[in-house]
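Note sheet for the following structure.
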Amino acid sequence: MTFGSKLSIIITTFNSSNVILNCLNKIDLNLYHVFVVDNNSSDNTVKIIEENFPNKITIIKNQKNLGYGRGNNCALRLVETEFAMILNPDAFIFNKDIELILETLDQNPEITICAPLLLKKYPFNAQDFEEEIEVMKQNLRSQENSYFSVKYVIGACLILRMSFFQEVGFYDEEIFLYYEDDEICHRVITNNKICAINTEAFAYHTGQGSSGKNYRNLYRRFWHRSWSKFHWKEKQKGLAKAYFSASKLVILYGLQTLFYIFIWKPEKIIAKIASIVGGVSYLLGLKAFDKNDNPRGNLKLF
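Numbering (the working numbering), first residue to last: -12 to 289.
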């Protein structure tokens, strides 16, 4: 049985020109409706898609970088199919594995998010994944189904049941980057639904990222990792515990920054300072986006 008419695929890009072709080439574009949401890339990501897949992909061109959650939401609001896959541009999945996940969702209406097993490279070499395989075996022991329930799935590749999220909302739009998956999975579980991993389906996450590699991007990533961590903790544990954790982190990372200055590790220094500023920004009540909806975390100190 083919479930192609039931699925849309959403890929949010930002300077993803080095990975997007590998991702899209694995997808049967005649079978699934594919959305690419581009967050104002400064490279030729959009041009590559338009030249290689003319009139086959719906491209949403944002005028600014909206981040992971807001970017995905731009397409999720347009989805008309029963299910939607969220796929990172530096990940890929084969059609047979997509169909296995859709079969699990079709047969188990209580499952609201389902993901494949995520591997780090292709082709798969068992010797490279001894630790992961051992954990997998422990989790799968005595399993009668082709899936097991989890508290959290990695957002590089997952499929959402749209009826649930159309009712409760999509990704948290207060977050620019990081902890979106924790938040959305937590919402599933608190509504007595299931997040699951299909044990027969595989996806491959190369981990090359879509945000670029330089000090400015490093600073922004760690700023948002820190801010999002405490925003998520507040939603999960309450304001008092989030404030306590943020205050503790600021002190600890301040001491660690002095150490990294002493031994001169520039990347570590920038990461720690960004984490401190993100934590302080959270404590001061600043949001991840400014009043003009631009993401905070710009490197202005250097």
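Backbone N, C-alpha and C define an ideal beta-carbon position, used for all residues, glycine too.
On a predicted model such as this, the values are computed, not experimentally measured, just so you know.
Taking 8 angstroms as the cut-off, the Cβ atoms of A190 and I80 count as close. Taking all protein chains shown into account, D277 has fewer than 16 neighbouring C-beta atoms within 10 Å of its C-beta and is therefore exposed. Proximity to D25 across A229, G58 and K43 peaks at G58, based on C-alpha coordinates.
Going by C-alpha positions, R283 is about 29 angstroms away from I35. Rounded to the nearest whole angstrom, the C-alpha separation of I88 and L74 is 14 angstroms.
A distance below 8 angstroms separates the beta carbons of G265 and S213. Considering only I162, G142 and V155, the residue with the shortest C-alpha distance to I184 is G142. Assignment of V24 by DSSP, reduced to helix, strand and coil, places it in the strand class.
If you ignore the 5 residues before and after W219, its C-beta comes within less than 7 angstroms of the C-beta of Y166, D169 and E170, all in its own chain and listed in chain order.
Taking all protein chains in view, the Cβ of R64 is surrounded by fewer than 16 other Cβ atoms within 10 Å, so the residue is classified as exposed. Rounded to whole angstroms, the separation of the alpha carbons of L286 and E221 is 26 angstroms. Taking C-alpha positions only, T45 is separated from N17 by approximately 13 angstroms. Closest option to D159, judged by alpha-carbon separation, among L270, S28, T193 and A275: A275.
Counted as a single uninterrupted DSSP element, the beta strand (DSSP E) harbouring K48 occupies residues T45 to K48. Non-local beta-carbon contacts of K(-7) in its own chain, meaning distances under 6 angstroms to residues more than five positions away in sequence, involve T68, E69 and F70 in chain order.
The Cβ atoms of N281 and K51 lie closer than 8 angstroms to each other. Between C10 and P96, the CB-CB gap reaches or exceeds 8 angstroms. DSSP places N59 within a helical segment (H, G or I) once states are collapsed to three. DSSP places F151 outside any beta strand (DSSP E); the residue lies instead in the alpha helix (DSSP H), whose first and last residues are M149 to V155. Beta bridge pairing from DSSP links S136 with A183.
Here DSSP, grouped into helix, strand and coil, assigns P96 to coil. The beta carbon of C61 is closer than 6 angstroms to those of V24 and I47 in its chain, skipping five residues each way along the sequence.
In the same chain as R174, and ignoring 5 residues on each side of it, the C-beta atoms closer than 7 angstroms to its own belong to V155, in chain order.
Using a 10 angstroms sphere on the CB of I250, the tally of other CB atoms stays under 16, which defines it as exposed.
With distances taken between CA atoms, K235 lies nearest to F217 out of M149, I248, K224 and F217. Burial is judged here by how many other beta carbons sit within 10 angstroms of a residue's own beta carbon; A102 has at least 16 and is buried. In this structure, the beta-carbon distance from T32 to S(-5) does not fall below 8 angstroms. Closest in C-alpha terms to E86, from the list L8, Y55, G225 and E187, comes E187.
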